[in-house]
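> The sequence shown begins at 0 in numbering that gives the first Met the number 0 and counts up one residue at a time. Ideal Cβ positions, reconstructed from N, Cα and C, are used throughout, including at glycine.
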Amino acid sequence: MNPLAHRPFVKMNGLGNEILVLDLRADPVDVPPAAARALARPSVLPFDQAMVLYPPRRAGTAAFVRILNSDGSYSAACGNGTRCIAALEAQATGAPHVLFESEAGLLDCAVRADGQVRVDMGAPRFAWTEIPLSRDVGDTAAVLVPGFEQLGPASLVSMGNPHAVFFVPDADRVDVEGLGAALEHHPLFPERANISFASLTAPDRVRLHVWERGAGRTRACGTAACAAAVSAARTGRAGRATTVTLPGGDLEIVWREGDSHVLMTGPVAHEFSGTLTPAMLEDVA
0 MNPLAHRPFV KMNGLGNEIL VLDLRADPVD VPPAAARALA RPSVLPFDQA MVLYPPRRAG
60 TAAFVRILNS DGSYSAACGN GTRCIAALEA QATGAPHVLF ESEAGLLDCA VRADGQVRVD
120 MGAPRFAWTE IPLSRDVGDT AAVLVPGFEQ LGPASLVSMG NPHAVFFVPD ADRVDVEGLG
180 AALEHHPLFP ERANISFASL TAPDRVRLHV WERGAGRTRA CGTAACAAAV SAARTGRAGR
240 ATTVTLPGGD LEIVWREGDS HVLMTGPVAH EFSGTLTPAM LEDVA
């Protein structure tokens, strides 16, 4: 029998970004890519990202978090998923402050009285080796991507995962699926990239559509919202406090000046809970 069978799960979302939570702290087992793909099937438990909780590796943290996309690939960061697990942990412990560790580093979370969750996403990284890119492109704030020059320069940044943000006149009129799928796999991005199309609707508001690496088009992406807000400020389009509007709703992003950390605040929603069955994990190969 698959070792994941009969494990509890929680299905949540952050602004429509579909999140599956598997808490394996009591009895850790590996979640292979094939298992993630099996669970993400439309007839099973479709999700954009799975947040898998393992016993903490560092003192003071609630868990070590491993993140899988719906295609079975791994990600080091997921802002909406982090808000979801922070809300669950705060509910379980009664403590509004939660600290997790992921491959991207520490994730400091605070659950407010109104249910909104704030996550310190850490500092953005701009060096081409840190994003990473396949070559030195000079100033990563404005990069013409070969073959896609018609889109204008992209702002490239890592928020624990690679992002390319294109500022366009009207983000609602962009072929997100066609362009996103092609750009995700562009040779410039050796680890693939999250592709965002952003437009400024006010000095402190950004409209955003996102093609997520390993998940496709999603209703919201927390790290992409952070990348877009940082890119807007970095290129002089906006200040350091921005409301980012995605198809699923709004995220409040602050790029703190003192330590360069990015604070993301937004809601979470609990959909349902259950137990994984052997049938859900069929055809795992």
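1. Let me know the secondary structure DSSP gives Ala-223 once reduced to three states.
2. Starting from Glu-251, trace the alpha helix (DSSP H) in both directions and tell me its first and last residue.
3. Taking C-alpha atoms, which residue in Leu-14, Asp-282, Leu-19 and Asp-113 lies nearest to Arg-6?
4. In whole angstroms, what separates the C-alpha of Leu-87 from that of Pro-31?
5. Count the other CB atoms within 10 Å of the CB of Ser-69; is the residue buried (16 or more) or exposed (fewer)?
6. With the cut-off set at 8 Å, would you say Asp-47 and Thr-200 are in Cβ contact?
7. In the structure shown, what three-state DSSP assignment does Asn-160 receive?
8. Taking Val-167 as the reference, which of Asn-160, Ser-230 and Arg-239 has the closest Cα?
9. Could you have a look at Met-120 and say whether DSSP puts it in helix, strand or coil?
10. Is it true that the stretch 156-171 meets the stretch 185-192, where meeting means three or more beta-carbon pairs spaced less than 8 Å apart?
11. Rank Arg-191, Thr-234, Met-263 and Asp-26 by C-alpha distance to the C-alpha of Gly-213 and give the top, closest one.
12. Within its chain, find whatever has a CB closer than 7 Å to the CB of Phe-125; leave out the 5 residues flanking it on each side and keep chain order.
13. For Ser-272, which residues in the same chain have their Cβ closer than 6 Å to its Cβ, ignoring the five residues on either side in sequence?
14. Take Ala-75 as the anchor and find which of Ala-109, Ala-61, Ala-103 and Ala-62 has the nearest alpha-carbon.
15. From Asn-12 to Leu-3, what does the alpha carbon distance come to, in whole angstroms?
16. Just list the beta strand (DSSP E) runs in the stretch 45-117, keeping only unbroken ones of 3 residues or longer that don't cross its boundaries, in chain order.
17. Going by DSSP, name the residue or residues bridged to Ser-198.
18. Pick helix, strand or coil for Pro-291, following the three-state DSSP scheme.
19. So, for Arg-327: in the same chain, excluding its five sequence neighbours on each side, which residues have a beta-carbon less than 6 Å away from its beta-carbon?
20. Do you know how far the Cα of Pro-123 is from the Cα of Ala-226?
21. Taking the alpha carbon of Ala-181 as the reference point, which residue from Asp-169, Ser-195 and Arg-172 has its own alpha carbon closest?
22. Here's the rule: buried if 16 or more other CB atoms are within 10 angstroms of the residue's CB, otherwise exposed. What is Thr-92?
23. In angstroms with no decimal places, state the Cα-to-Cα distance between Val-267 and Leu-38.
24. Rounded to whole angstroms, how far is the Cβ of Leu-14 from the Cβ of Ala-219, which I believe are closer than 8 Å?
25. With a threshold of 8 Å on Cβ separation, who are the neighbours of Pro-54 within its own chain once the five nearest residues in sequence on each side are excluded?
26. In terms of DSSP beta bridges, what is Thr-242 paired with?
27. Would you give the residue range spanned by the alpha helix (DSSP H) that Gly-235 belongs to?
28. What separation, rounded to the nearest whole angstrom, lies between the Cα atoms of Asp-135 and Thr-128?
29. As a quick exercise: from Arg-204, Ala-49, Gly-265 and Cys-108, pick the residue whose alpha carbon is nearest that of Arg-239.
30. Of the residues Ser-101, Cys-108, Leu-245 and Gly-215, which one's Cα is nearest the Cα of Ala-89?
In short:
1. Here residue 223 corresponds to residue number 224 of the sequence shown, with the count starting at 1. Ala-223: helix per DSSP, three-state reduction.
2. In the sequence shown, the residue the question calls residue 251 occupies position 252. Element bounds for Glu-251: not the alpha helix (DSSP H) but the beta strand (DSSP E), 248-254.
3. Translated into positions along the sequence shown, residue 6 becomes position 7. Checked all of Leu-14, Asp-282, Leu-19 and Asp-113; the closest Cα to Arg-6 is Leu-19.
4. Along the sequence shown, read from residue 1 onward, the residue named residue 87 stands at position 88. Along the sequence shown, read from residue 1 onward, the residue named residue 31 stands at position 32. Spanning the two alpha carbons is a distance of roughly 24 Å.
5. Position 70 of the sequence shown holds residue 69. Per the 10 Å Cβ criterion, buried.
6. Residue mapping note: residue 47 aligns to position 48 of the sequence shown, counting from 1. Residue mapping note: residue 200 aligns to position 201 of the sequence shown, counting from 1. Their beta carbons are not under 8 Å apart, which means Asp-47 does not touch Thr-200 by this criterion.
7. By 1-based counting over the sequence shown, the position of residue 160 is 161. Of the three classes helix, strand and coil, the one that applies to Asn-160 here is coil, per DSSP.
8. Taking the sequence shown and counting its residues from 1, one reaches residue 167 at position 168. Among Asn-160, Ser-230 and Arg-239, the Cα nearest to that of Val-167 is on Ser-230.
9. Translated into the one-based positions of the sequence shown, residue 120 becomes position 121. Of the three classes helix, strand and coil, the one that applies to Met-120 here is coil, per DSSP.
10. yes
11. In the sequence shown, residue 213 corresponds to position 214, counting from 1. Comparing Cα-Cα distances from Gly-213 to each of Arg-191, Thr-234, Met-263 and Asp-26, the minimum goes to Arg-191.
12. Stepping through the sequence shown from its first residue, residue 125 is reached at position 126. Excluding sequence neighbours, Phe-125 sits near Thr-139 and Val-156.
13. If you number the sequence shown from 1, residue 272 lands on position 273. Same-chain partners within the cutoff: Val-9.
14. By 1-based counting over the sequence shown, the position of residue 75 is 76. Of the candidates Ala-109, Ala-61, Ala-103 and Ala-62, the one whose C-alpha sits nearest the C-alpha of Ala-75 is Ala-103.
15. Walking along the sequence shown from the start, residue 12 turns up at place 13. Walking along the sequence shown from the start, residue 3 turns up at place 4. Rounded to the nearest angstrom, the two C-alpha atoms are 22 Å apart.
16. 48-53, 63-68, 96-101 and 104-110
17. Position 199 of the sequence shown holds residue 198. Partner(s): Arg-206.
18. Residue 291 lies beyond the residue range present for the chain, which begins at 0 and ends at 284; the question has no answer from this structure.
19. Because residue 327 is not part of the residues shown, which for the chain are 0 to 284, the question remains open.
20. Along the sequence shown, one-based indexing puts residue 226 at 227. Along the sequence shown, one-based indexing puts residue 123 at 124. Each residue's Cα considered, the two are about 8 Å apart.
21. Translated into the one-based positions of the sequence shown, residue 181 becomes position 182. Of the candidates Asp-169, Ser-195 and Arg-172, the one whose C-alpha sits nearest the C-alpha of Ala-181 is Ser-195.
22. Your numbering for residue 92 matches position 93 in the sequence shown. Exposed, by the Cβ-count rule.
23. Sequence index remark: in the sequence shown, residue 267 carries index 268 (1-based). Sequence index remark: in the sequence shown, residue 38 carries index 39 (1-based). For Val-267 and Leu-38, the distance between alpha carbons rounds to 21 Å.
24. Reading the sequence shown from its first residue, position 15 is the one you call residue 14. Reading the sequence shown from its first residue, position 220 is the one you call residue 219. Rounded, the Cβ-Cβ distance is 4 Å, consistent with contact.
25. As a first step, residue 54 is located in the sequence shown; it is residue number 55 there, counting from the start. Cβ within range, chain order: Arg-24, Pro-27, Ala-62 and Phe-63.
26. To locate residue 242, count along the sequence shown from 1; it is residue 243. Thr-242 is bridged to Arg-204 and Glu-251.
27. Mapped onto the sequence shown, residue 235 falls at position 236. First-last for Gly-235: undefined, no H or E at that position.
28. Reading the sequence shown from its first residue, position 136 is the one you call residue 135. Reading the sequence shown from its first residue, position 129 is the one you call residue 128. Cα-Cα distance, rounded: 8 Å.
29. On the sequence shown, residue 239 is found 240 positions in, with the first residue counted as 1. With distances taken between Cα atoms, Arg-239 lies closest to Arg-204.
30. Looking up residue 89 in the sequence shown gives position 90. The shortest C-alpha separation from Ala-89 is found at Cys-108.
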